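**Q** Taken in order, these protein sequences are the chains called A and B.
Residue numbering for the first sequence is 415 to 770, as defined by our numbering.
Residue numbering for the second sequence is 2 to 204, as defined by our numbering.
Cβ coordinates follow ideal geometry from the N, Cα and C atoms, glycine included.
On a predicted model such as this, the values are computed, not experimentally measured, just so you know.
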Amino acid sequence: MPAANNTLSNCYIPLLSSGRSSSLKTKTDLDPSNPQSSTTSTCSPVSNTTFHAPLCPSHRPSGSLSSESRTARSIRHLCIDRHFLSNSTGSAIIELGHTKVICNVQGPRPLSSSSSTISSNAASDGSAIATGMLHCQIRFAPNFAINMQRNTMGQATPLDKLLSTTSSSSAGISAQETELSLKLHDALVPSLPMHLFMKNVVDVFVLVLQDDGAILPACLMAASLALADSGVEVYDLVSSFSIAVVSKDNTVWVNDQDENDDDESMNAQGEMEEEEERCGLSKVDDKYHLLADPDANEISRAEGILTIGMMSNWKEVVFWDQTGRLPPMVVSEAVELCKEGCVAMHNFMREALVRR
Amino acid sequence: MASTKSGLLFVEGSKVVPGDKICTAKDVLAGKGCYIRGASVYASAVGSLKLSVADDSKKEASVMLEEGRQYASSQVLSIGHMVLGKVIRLLNNMATVEIVAANEIGPLRERNSGIIRKEDVRVGATEEVQIYDSFRPGDIVYAKVISLGDSRRYFLSTAENELGVIKAVSASSGEVMIPISWKEMQCPKTKAKEARKCAKPKE
Chain A
415 MPAANNTLSN CYIPLLSSGR SSSLKTKTDL DPSNPQSSTT STCSPVSNTT FHAPLCPSHR
475 PSGSLSSESR TARSIRHLCI DRHFLSNSTG SAIIELGHTK VICNVQGPRP LSSSSSTISS
535 NAASDGSAIA TGMLHCQIRF APNFAINMQR NTMGQATPLD KLLSTTSSSS AGISAQETEL
595 SLKLHDALVP SLPMHLFMKN VVDVFVLVLQ DDGAILPACL MAASLALADS GVEVYDLVSS
655 FSIAVVSKDN TVWVNDQDEN DDDESMNAQG EMEEEEERCG LSKVDDKYHL LADPDANEIS
715 RAEGILTIGM MSNWKEVVFW DQTGRLPPMV VSEAVELCKE GCVAMHNFMR EALVRR
Chain B
2 MASTKSGLLF VEGSKVVPGD KICTAKDVLA GKGCYIRGAS VYASAVGSLK LSVADDSKKE
62 ASVMLEEGRQ YASSQVLSIG HMVLGKVIRL LNNMATVEIV AANEIGPLRE RNSGIIRKED
122 VRVGATEEVQ IYDSFRPGDI VYAKVISLGD SRRYFLSTAE NELGVIKAVS ASSGEVMIPI
182 SWKEMQCPKT KAKEARKCAK PKE
């Protein structure tokens, strides 16, 4: 593996919320008077930039939040670094809370030398010459993912059981990885001026070290940063954000009690309703909470998840991915929130590029 | 930080990232690392902004990359590039060349692949051309890109006086041969002649 001169912060499987160590302050406060309690010490100060990211709050659910939970509009602890792989043209690493993603860009390379592009993204011979090509590949690091079961379940089990134990994640490419790669490709293509590298292909390799929700936004931003870092001309940085829509009956994140216990007492319901009135949330949020930058727990409880990729300077949405069942009003509101989130992420990406 | 005199949104020399709007396209041209969209000039690379004066006294905005970085698109070959390559394989009607360097680019980061077809070896007389008498595997040739070709390789041509084999090794002795005419090379040791399409040596 090529040398990497960077240290990751927080590489461990997270404990349940009650047991989180106080040094890991992943929540970020919307209250500007609270000075950022930073974990900058875990990131090497020279090459790393740590951001603490309040979103522009349109609503701010104040009130009784437990010290471990985040507000609905806050982004997790964000760490961005770039150009740390000595062997590649461009590289970037993004840590969004516990989600850690590395991206490595090679190229533009002539088409003939990389055989992997012949099978994927099949284009006829004629069109391949006229423009360049982009090849994206997302892989999950086999032994690092937080939730190993999720990883191995997506693969086809061979008839011979013996094979599956030895070559489980390393040999097979799970359906999730293929799908994510295609989505990444669709999202990045609008930002690349293909006419500048004809007959060449730009290879984007993404390695997911830890998956704690918001995989696609992290991959997308890492890829965009790595492309900009590598000297490939891009029209704009693609920033991405995801929102989970959780129905109110299901949320107990407001309380101090055990998060896993879903059928809480009516107390919980009453408290939450009070709170909503206090904050003056809109009608749409009567039944749903919109959680920005969800982690894996929130995603598993969500009714639906919306991921938006946007080129902020062009003010164009380049990628829209939605899962689950959501009423249209909720989707519109979630999209607006996502766009704000994308703009905020873009600012951080920009700072990471300029500061280095 | 607006510089109202020239209408730039960024001070010259400051760092820009892709997507930053630099200024309106009215007075300023888009140089390397910039592009025009709508009515404005945007940056497309990470680096420091540079303003220079183009030929017709119009200002040109370009982005100077950071230390040790190259524009990735500079590694892309296009029609008209003069390239240096090594002959890999001979077929009846073409020679396969591995392109190693190009005139304006220098050594390429990745090896490109090109072919010299029989009709592009020299001017005229396609039927009489024998590939085996024009190139041999291992020769270093100086050729020109004439077409983007098909999906796998560029099309090259040596159909000019100064294009062709510039270095070849004798089959008999292993010494580097000297060109004696446009179609022959001679080994200095054994005096054996071999047929090649030679490039005219520079004066």
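Strictly below 8 Å CB to CB, what residues from chain B border A:L525?
**A** Along the first sequence, read from residue 1 onward, the residue named residue 525 of chain A stands at position 111. Per Cβ cutoff of 8 Å: S152, R153.
**Q** Please go through the segment 42-99 of chain B and give each complete beta strand (DSSP E) segment of 3 or more residues, from N-terminal end onward.
**A** 48-54, 60-66, 83-91
**Q** DSSP beta-bridge partners for A:A758?
**A** Looking up residue 758 of chain A in the first sequence gives position 344. Answer by DSSP bridge pairing: none, since A:A758 is not bridged.
**Q** Let's test the definition: count the other Cβ atoms within 10 Å of the Cβ of B:I181 and tell me whether it reaches 16, buried, or not, exposed.
**A** Here residue 181 of chain B refers to the residue found at position 180 of the second sequence. Flag for B:I181 reads exposed.
**Q** For B:R197, go through chain A and note every residue whose CB falls closer than 7 Å to its CB, in chain order.
**A** Counting from 1 along the second sequence, the entry for residue 197 of chain B is found at position 196. Near B:R197 there are no residues of chain A at all, since even the closest Cβ is about 26 Å away, more than 7 Å.
**Q** Would you say B:V54 and B:C35 are within 8 Å of each other, going by their C-beta atoms?
**A** For the purposes of this step, residue 54 of chain B is taken as residue 53 along the second sequence, with counting starting at 1. For the purposes of this step, residue 35 of chain B is taken as residue 34 along the second sequence, with counting starting at 1. Contact: no.
**Q** List the residues of chain B that A:D700 touches, going by C-beta distances under 8 Å, in chain order.
**A** Counted from its first residue, the first sequence places residue 700 of chain A at position 286. Neighbours of A:D700 on chain B: none; closest Cβ ~38 Å, over 8 Å.
**Q** Does A:G723 have its Cβ less than 8 Å from a Cβ in chain B?
**A** In the first sequence, the residue the question calls residue 723 of chain A occupies position 309. Not closer than 8 Å to any Cβ of chain B, the Cβ of A:G723 fails to qualify, so no.
**Q** How big is the Cα-Cα spacing for A:L740 and A:I722?
**A** Counting from one through the first sequence, the residue named residue 740 of chain A turns up at place 326. Counting from one through the first sequence, the residue named residue 722 of chain A turns up at place 308. So the alpha carbons of these two residues sit roughly 15 Å apart.
**Q** Determine the burial state of B:V124: buried for a count of at least 16 other Cβ atoms within 10 Å of its Cβ, exposed for fewer.
**A** In the second sequence, residue 124 of chain B corresponds to position 123, counting from 1. Exposed: under 16 other Cβ atoms inside 10 Å.
**Q** Spell out the partners DSSP gives B:N113 in its beta bridges.
**A** Working through the second sequence from its first residue, we reach residue 113 of chain B at position 112. Paired residue(s): B:I100.
**Q** So, are the CB atoms of B:G86 and B:V101 less than 8 Å apart?
**A** For the purposes of this step, residue 86 of chain B is identified with residue 85 of the second sequence, where counting begins at 1. For the purposes of this step, residue 101 of chain B is identified with residue 100 of the second sequence, where counting begins at 1. With contacts defined by Cβ atoms closer than 8 Å, B:G86 and B:V101 form a contacting pair.
**Q** Measure the beta-carbon distance from A:L492 to A:F762 and round it to whole angstroms, keeping in mind my assumption that it falls under 8 Å.
**A** What you label residue 492 of chain A is simply residue 78 of the first sequence in a count that begins at 1. What you label residue 762 of chain A is simply residue 348 of the first sequence in a count that begins at 1. Yes, they are in contact, since the Cβ atoms of A:L492 and A:F762 sit about 6 Å apart, within 8 Å.
**Q** Counting contacts by CB-CB distance shorter than 8 Å, is A:R764 in contact with chain B?
**A** In the first sequence, residue 764 of chain A corresponds to position 350, counting from 1. Judged by the 8 Å Cβ criterion, A:R764 is in contact with chain B.
**Q** Bridge partners of B:I23, per DSSP?
**A** Here the question's residue 23 of chain B lines up with position 22 in the second sequence. When beta bridges are read from the DSSP output, B:I23 appears opposite no residue.
**Q** Under 8 Å between C-beta atoms, does A:F655 make it to chain B?
**A** Against the first sequence, residue 655 of chain A aligns to sequence position 241. No, its Cβ sits nowhere closer than 8 Å to a Cβ of chain B.
**Q** When the cut-off is 8 Å and only beta carbons count, does B:N113 lie next to chain A?
**A** By one-based count along the second sequence, residue 113 of chain B stands at place 112. For B:N113, the answer is yes, since a Cβ of chain A falls inside 8 Å of its Cβ.
**Q** With a Cβ-Cβ cutoff of 8 Å, do A:C550 and A:L602 count as a contact?
**A** Sequence index remark: in the first sequence, residue 550 of chain A carries index 136 (1-based). Sequence index remark: in the first sequence, residue 602 of chain A carries index 188 (1-based). Contact: yes.
**Q** Ignoring anything shorter than 4 residues, give me the alpha helix (DSSP H) runs that lie fully in the segment 625-652 of chain A, in order along the chain.
**A** 629-643
**Q** Just checking, does the segment 63-77 of chain B make contact with the segment 644-657 of chain A on the three C-beta pairs under 8 Å criterion?
**A** The segment 63-77 of chain B, when compared against the segment 644-657 of chain A, does touch it at the 8 Å Cβ threshold.
**Q** In this structure, does DSSP put B:Q131 in helix, strand or coil?
**A** Here residue 131 of chain B refers to the residue found at position 130 of the second sequence. Coil at B:Q131, not helix or strand.
**Q** Can you give the Cα-Cα distance for A:S548 and A:M725, rounded to whole angstroms?
**A** Here residue 548 of chain A is taken as the residue at index 134 of the first sequence, counted from 1. Here residue 725 of chain A is taken as the residue at index 311 of the first sequence, counted from 1. A small fix is needed here, since residue 548 of chain A is Leu in this sequence, not Ser. Straight-line Cα distance between these residues: approximately 18 Å.
**Q** Buried or exposed, going by whether 16 or more other CB atoms sit within 10 Å of the CB of A:P522?
**A** Numbered from 1 along the first sequence, position 108 holds the residue referred to as residue 522 of chain A. Buried, because 16 or more other Cβ atoms sit within 10 Å of the Cβ of A:P522.
**Q** Would DSSP call A:P607 helix, strand or coil?
**A** To locate residue 607 of chain A, count along the first sequence from 1; it is residue 193. DSSP places A:P607 in coil when its eight states are reduced to three.
**Q** Looking at A:S355: is its Cβ nearer than 8 Å to the Cβ of A:Y702?
**A** The displayed coordinates of chain A run from 415 to 770. Any statement about residue 355 of chain A would go beyond what the structure contains.
**Q** If I follow the unbroken alpha helix (DSSP H) through A:T592, where does it start and stop?
**A** The sequence position of residue 592 of chain A within the first sequence is 178, counting from 1. Following the DSSP letters along the chain, one finds A:T592 inside the alpha helix (DSSP H) bounded by residues 589-602.
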